[in-house]
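To start, the structure under review is shown below, and the notes come after it.
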Amino acid sequence: MLQTLNWTDEAKPCTLDEVKFLEQKLNLSLPLAYQEFLLWMGHGSGEFMRGEDFQFGQLKSIREGALELMQFNNFPEPLPDDAIVFTIHQGCAFGFMQGSEGCNPPIHFYFEQENGQGLIKWNNFNNLESYLLDYMESLIKFFNKS
Numbered sequence: 023m024l025q026t027l028n029w030t031d032e033a034k035p036c037t038l039d040e041v042k043f044l045e046q047k048l049n050l051s052l053p054l055a056y057q058e059f060l061l062w063m064g065h066g067s068g069e070f071m072r073g074e075d076f077q078f079g080q081l082k083s084i085r086e087g088a089l090e091l092m093q094f095n096n097f098p099e100p101l102p103d104d105a106i107v108f109t110i111h112q113g114c115a116f117g118f119m120q121g122s123e124g125c126n127p128p129i130h131f132y133f134e135q136e137n138g139q140g141l142i143k144w145n146n147f148n149n150l151e152s153y154l155l156d157y158m159e160s161l162i163k164f165f166n167k168s
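Read left to right, the sequence shown gives residues 23 to 168 (our numbering).
Here you go:
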């Protein structure tokens, strides 16, 4: 994909110790698919996912931002206790998975709508892989139009 987009940036992985630290900090076992994601590009992905906050060092502020967005939108439901907020997009949408939903869980998204209300789209993607593939396909389509 990077060749298709003519990008030379490389992904920057987390260490296994950092992944274990995150599990301890969250008091959750991270799904294996998310662990693999962190071990591939937990500290950055170069041009890929530009505009998304998802890096290891941002995870605390990502979760805080997600909770603030829900509060700002007066969203009536709390974020599930086992929610792992792994990405936030420009402060108006975030993606999360639940630790209780297995080693390759579905990806849920919260969106701020034009009317200022929040909406959770449950099972927006079957798993992390389908989310990342969709993201890549969108980028390729976008850059092919340019």
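Every residue gets a Cβ at the ideal spot worked out from N, C-alpha and C, and that includes glycine.
None of the values given here were measured: they were computed from a predicted structure.
Going by beta-carbon coordinates alone, are residue i and residue j separated by less than 7 angstroms?
i: residue 117; j: residue 131; result: yes
i: residue 106; j: residue 119; result: yes
i: residue 95; j: residue 66; result: no
i: residue 111; j: residue 136; result: no
When the Cα atoms are used, what is the spatial distance from residue i to residue j?
i: residue 87; j: residue 81; result: 10 angstroms
i: residue 37; j: residue 55; result: 15 angstroms
i: residue 171; j: residue 53; result: Summary: the structure shown does not reach residue 171, with the chain confined to residues 23 through 168, and so no result is reported for it.
i: residue 78; j: residue 84; result: 10 angstroms
i: residue 51; j: residue 121; result: 7 angstroms
i: residue 62; j: residue 76; result: 13 angstroms
i: residue 57; j: residue 41; result: 7 angstroms
i: residue 128; j: residue 99; result: 19 angstroms
i: residue 160; j: residue 45; result: 31 angstroms
i: residue 24; j: residue 148; result: Per-residue confidence for residue 24 stands at a pLDDT of 49, beneath the threshold of 50, marking its modelled position as unreliable; the derived number appears in the next sentence. Cα to Cα, residue 24 sits roughly 24 angstroms from residue 148.
i: residue 115; j: residue 90; result: 11 angstroms
i: residue 33; j: residue 47; result: 24 angstroms
i: residue 142; j: residue 102; result: 12 angstroms
Would you mind sorting residue i into buried or exposed? The rule is 16 or more other CB atoms within 10 Å of its CB.
i: residue 134; result: buried
i: residue 138; result: exposed
i: residue 166; result: exposed
i: residue 64; result: buried
i: residue 164; result: exposed
Tell me, please, which residues DSSP counts as bridged to residue i.
i: residue 120; result: 105
i: residue 143; result: 131
i: residue 74; result: 111
My assumption, with CB atoms under 8 angstroms, is that residue i sits in contact with residue j. Please give the rounded CB distance.
i: residue 150; j: residue 126; result: 7 angstroms
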